[in-house]
Amino acid sequence: MAKSLVIVESPAKAKTIGKFLGKNYKVVASVGHVRDLPKSKMGIDVENNYEPHYITIRGKGPVIKELKKEVKKVKKILLATDPDREGEAISWHLAHILSINEKEACRIEFNEITKDAIKNAVKNPREINKSLVDAQQARRILDRLVGYSISPLLWRKIRKGLSAGRVQSVATKIICDRENEIESFIPQEYWSIVATVFSKNTKERFDAKFYGTVAKKMELDHKELVEDIVQKLNNGSFIVENVKRKEKKRSPYPPFTTSSLQQEAVNRLGYTTKKTMIIAQQLYEGIDIEGEGSVGLITYIRTDSTRVSSEAKEHTKNYILENFTSKYIGEHEKKYKTKKEAQDAHEAIRPTSIDRHPEKIKTSLKKEQYQLYKLIWERFLASQMKNALYDTYSVDLTNNGFLFKASGSKLVFDGFLKVYTYASVTDNEIPEVYEGQILDTEEIESKQHFTQPPARFTESSLVKELEEKNIGRPSTYAPIISTILSRGYVEREKKSLKPTELGSIVTDLLKEYFKNIVDEHFTAELEEQLDKIEEEQLKWAEVIDHFYKPFDKTLKYAEEEIKKIELIEEETDEICEDCGKNMVIKYGKYGKFLACSNYPECQHTRPFLKKIGIACPRCGGDIVERRSKKGRVFYGCGSFPKCNFMVWNRPIAEKCPVCESLLVKKNRKNDTIIQCSDKECKYKRVEENV
Numbered sequence: 002m003a004k005s006l007v008i009v010e011s012p013a014k015a016k017t018i019g020k021f022l023g024k025n026y027k028v029v030a031s032v033g034h035v036r037d038l039p040k041s042k043m044g045i046d047v048e049n050n051y052e053p054h055y056i057t058i059r060g061k062g063p064v065i066k067e068l069k070k071e072v073k074k075v076k077k078i079l080l081a082t083d084p085d086r087e088g089e090a091i092s093w094h095l096a097h098i099l100s101i102n103e104k105e106a107c108r109i110e111f112n113e114i115t116k117d118a119i120k121n122a123v124k125n126p127r128e129i130n131k132s133l134v135d136a137q138q139a140r141r142i143l144d145r146l147v148g149y150s151i152s153p154l155l156w157r158k159i160r161k162g163l164s165a166g167r168v169q170s171v172a173t174k175i176i177c178d179r180e181n182e183i184e185s186f187i188p189q190e191y192w193s194i195v196a197t198v199f200s201k202n203t204k205e206r207f208d209a210k211f212y213g214t215v216a217k218k219m220e221l222d223h224k225e226l227v228e229d230i231v232q233k234l235n236n237g238s239f240i241v242e243n244v245k246r247k248e249k250k251r252s253p254y255p256p257f258t259t260s261s262l263q264q265e266a267v268n269r270l271g272y273t274t275k276k277t278m279i280i281a282q283q284l285y286e287g288i289d290i291e292g293e294g295s296v297g298l299i300t301y302i303r304t305d306s307t308r309v310s311s312e313a314k315e316h317t318k319n320y321i322l323e324n325f326t327s328k329y330i331g332e333h334e335k336k337y338k339t340k341k342e343a344q345d346a347h348e349a350i351r352p353t354s355i356d357r358h359p360e361k362i363k364t365s366l367k368k369e370q371y372q373l374y375k376l377i378w379e380r381f382l383a384s385q386m387k388n389a390l391y392d393t394y395s396v397d398l399t400n401n402g403f404l405f406k407a408s409g410s411k412l413v414f415d416g417f418l419k420v421y422t423y424a425s426v427t428d429n430e431i432p433e434v435y436e437g438q439i440l441d442t443e444e445i446e447s448k449q450h451f452t453q454p455p456a457r458f459t460e461s462s463l464v465k466e467l468e469e470k471n472i473g474r475p476s477t478y479a480p481i482i483s484t485i486l487s488r489g490y491v492e493r494e495k496k497s498l499k500p501t502e503l504g505s506i507v508t509d510l511l512k513e514y515f516k517n518i519v520d521e522h523f524t525a526e527l528e529e530q531l532d533k534i535e536e537e538q539l540k541w542a543e544v545i546d547h548f549y550k551p552f553d554k555t556l557k558y559a560e561e562e563i564k565k566i567e568l569i570e571e572e573t574d575e576i577c578e579d580c581g582k583n584m585v586i587k588y589g590k591y592g593k594f595l596a597c598s599n600y601p602e603c604q605h606t607r608p609f610l611k612k613i614g615i616a617c618p619r620c621g622g623d624i625v626e627r628r629s630k631k632g633r634v635f636y637g638c639g640s641f642p643k644c645n646f647m648v649w650n651r652p653i654a655e656k657c658p659v660c661e662s663l664l665v666k667k668n669r670k671n672d673t674i675i676q677c678s679d680k681e682c683k684y685k686r687v688e689e690n691v
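All residue numbers for the sequence shown refer to our numbering, where the first residue is 2 and numbers rise by one.
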């Protein structure tokens, strides 16, 4: 019989840890949280020092019963939940339910699920860190006070089903503010002049860009100015005024934090932040690897630090020596800056063993697990390697008092680029010229341009914005984005995030009546106060009180001042099958749906299908945009299940010139592939993106 019981959150984690501990240990899972605030009411006693009322989570009865049964069989209990605030809170709740003295050494902590890390953790148990628990509890109570106070107000003033959150509302406001910038943007005209020149000796051509006069930089803002300059250039010659050569270093990227991993996975792999964290959690908790069994492949995934342990650095240095020679190791140990707001509680995200090359374990991983592991493995290995080196070559040309600049570069040592395949490597060489040389002109091209509005946020750029503004923490970025999408405040348009009309209405209301709630600086200050609770510089109840008293006054004022807002329902050309009236677009818990405009007399509803303006080649119905169970966009017939036509890539209004089937397009970074939807037909063409 086991002498010690180890409790973790997930069965996968239990399986991996159980492999490393002998027969004297039994490892079981709580399957996440066991206690929380009730869903049906506030659960916070604001009159009694904001005391939370925790209850057992519905459905957790059998799990708790089994845990209590196992506790009675052993002499020692070790709580091995995740090494962060939330993990500490789960251990605290488990201690309460299982009658474990939190002052005893019952808590173990590890940054990676490896044999050495687990064995070391078991030898060094500690008390539950109450300051960590208090910081997490303060966050939970703040979020509950905001959500359960403002949400009912929105139900009464706008419509049922709406919600507001301390952090999600700020994220929605950021997206709405960007949309307002785009809508109010006024394009400004500007011009460019590019001269294509060459030497009579080599005939090698290169482009030089207009900079200004020899004395200063010039802005080209109207056609007449440009035409006058081009005329003068045509009457003169391009002379090489200055040639500069120098060596340029390109430093490797730091190892991943939660934020940078999410951003890179969005940009390189096309994953959502939610999907990235699900896969990363699997890699952390343990995967069955052929010949090894269940093993954790990466370190803890919720971190804001780029710090790396000295053991991992040394191991990686030896790996580089063995596989790439000593010239790929930097002269000095790599040190990366961690932002000042970072808690720095855990290492950066890295492989638990650099020896597990992605290709070695590929057959044991699912495709998405392999892709994310490869990204993490390459990024970490590259972070410990030498800088890449470029020879750069810049040339200044003059013509009739005007200055043009050209530059080129050539990779002379690949360094970290040897392994980080996700980094772009481009050579842009220009021919050798010498000072005083007169060059021939092939073409002088002038172009009109207009400034572009700021781009909408993507999941990647929104995560970056939230991190830079110190809003939320690594563990909250993915849930924030999932929440504002599921609530219908924001929608995806291709890869961009765009506010819905509902999102704009709710944000405008919050900006007018709850300015602090959607203020980025106020939210960031609250995050700093939560950090101070963890550092034992502030008491959690004092932080709550400082926030809640003015908030409660604002809430009462808003209740009196805000009038009922009537949402204008968007009428569609869809006809109700029951009564013949037009259908209107409504928003529910899971987003848009169609409802009869004759409600409540007629209560017919059906899913909202986004038409793309292309007819189904099988039945002539409308092709609509849909999403698979995993969230992947595809295109199918709106008459499904009567017609089951579907394609993964977006159809276009053009037939295949070979077989007359539907053509579809697939957008890439620099071009677009147009190909036939019929797999038997091999027609394909590539179009460059302008």
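For every residue, glycine included, the Cβ atom is placed at its ideal position computed from N, Cα and C. All of these numbers come straight from a predicted model, not from anything done at the bench.
C-alpha gap between residue i and residue j, whole angstroms
{"i": "Phe548", "j": "Leu663", "result": "59 Å"}
{"i": "Lys406", "j": "Asn429", "result": "14 Å"}
{"i": "Cys107", "j": "Ser31", "result": "16 Å"}
{"i": "Leu154", "j": "Glu560", "result": "7 Å"}
{"i": "Pro188", "j": "Lys499", "result": "21 Å"}
{"i": "Ala525", "j": "Val464", "result": "14 Å"}
{"i": "Asn645", "j": "Tyr423", "result": "38 Å"}
{"i": "Phe594", "j": "Ile279", "result": "28 Å"}
{"i": "His54", "j": "Glu360", "result": "50 Å"}
{"i": "Ser447", "j": "Ile194", "result": "4 Å"}
{"i": "Tyr684", "j": "Ser629", "result": "27 Å"}
{"i": "Gly148", "j": "Val47", "result": "15 Å"}
{"i": "Glu528", "j": "Ile518", "result": "13 Å"}
Neighbour-count burial assignment, residue i, 16 or more Cβ in a 10 Å radius
{"i": "Phe186", "result": "exposed"}
{"i": "Cys660", "result": "exposed"}
{"i": "Trp93", "result": "buried"}
{"i": "Val585", "result": "buried"}
{"i": "Ile566", "result": "exposed"}
{"i": "Leu703", "result": "There is simply no residue 703 to check, as the chain begins at 2 and stops at 691 in what is shown."}
{"i": "Gln264", "result": "buried"}
{"i": "Gly297", "result": "buried"}
{"i": "Cys580", "result": "exposed"}
{"i": "Ser425", "result": "exposed"}
{"i": "Trp541", "result": "buried"}
{"i": "Arg633", "result": "exposed"}
Coil, strand or helix - residue i by DSSP
{"i": "Ile545", "result": "helix"}
{"i": "Val309", "result": "coil"}
{"i": "Lys40", "result": "coil"}
{"i": "Val28", "result": "strand"}
{"i": "Asp397", "result": "strand"}
{"i": "Tyr478", "result": "helix"}
{"i": "Pro432", "result": "coil"}
{"i": "Gly148", "result": "helix"}
{"i": "Lys565", "result": "coil"}
{"i": "Leu390", "result": "strand"}
{"i": "Ser487", "result": "helix"}
{"i": "Trp93", "result": "helix"}
{"i": "Val35", "result": "coil"}
{"i": "Val420", "result": "coil"}
Per DSSP, the bridge partner or partners of residue i
{"i": "Leu376", "result": "Paired residues: none, contrary to the question."}
{"i": "Gly213", "result": "Lys218 and Leu404"}
{"i": "Val634", "result": "Arg628"}
{"i": "Cys597", "result": "Met584"}
{"i": "Lys77", "result": "Ser5"}
{"i": "Gln438", "result": "In the DSSP output, where bridge partners are listed per residue, Gln438 has none listed."}
{"i": "Glu494", "result": "Ser497"}
Neighbour flag for residue i against chain B, beta carbons, 8 Å
{"i": "Pro188", "result": "No chain B appears in the structure shown, which is made up of a single protein chain."}
Contact test: residue i Cβ vs the ligand COA heavy atom, cutoff 7 Å
{"i": "Ile613", "result": "As far as ligands go, the structure on display features none, and thus does not contain the ligand COA."}
| request: Indicate whether the contact test is met: 3 or more Cβ pairs, each with one atom in the stretch 436-443 and one in the stretch 165-182, closer than 8 Å. | output: No, they do not touch.
| request: Count the C-beta pairs between the stretch 65-77 and the stretch 95-104 that are closer than 8 Å, then say yes if the count reaches three, no if not. | output: yes
| said: Using a Cβ distance threshold of 8 Å, determine whether the stretch 404-419 contacts the stretch 248-260, with at least three qualifying pairs required. | reply: The answer is yes - the stretch 248-260 touches the stretch 404-419, with three or more Cβ pairs under 8 Å.
| request: Decide yes or no for the touch test of the stretch 24-43 against the stretch 79-95: beta carbon pairs closer than 8 Å, at least 3 of them. | output: yes
| message | Is it the case that the stretch 347-357 contacts the stretch 109-129, given that we only count it when at least three CB pairs across the two stretches are under 8 Å? | response | Segment contact: the stretch 109-129 against the stretch 347-357, three or more CB-CB distances shorter than 8 Å; contact assigned.
| query | Counting Cβ pairs closer than 8 Å, one from the stretch 391-404 and one from the stretch 208-218, do we hit at least three? | reply | yes
| On the three-pair Cβ rule with 8 Å, is the stretch 372-389 touching the stretch 275-292? | yes
| Counting Cβ pairs, one atom from each stretch, are 3 or more of them under 8 Å apart for the stretch 534-547 and the stretch 133-143? | yes
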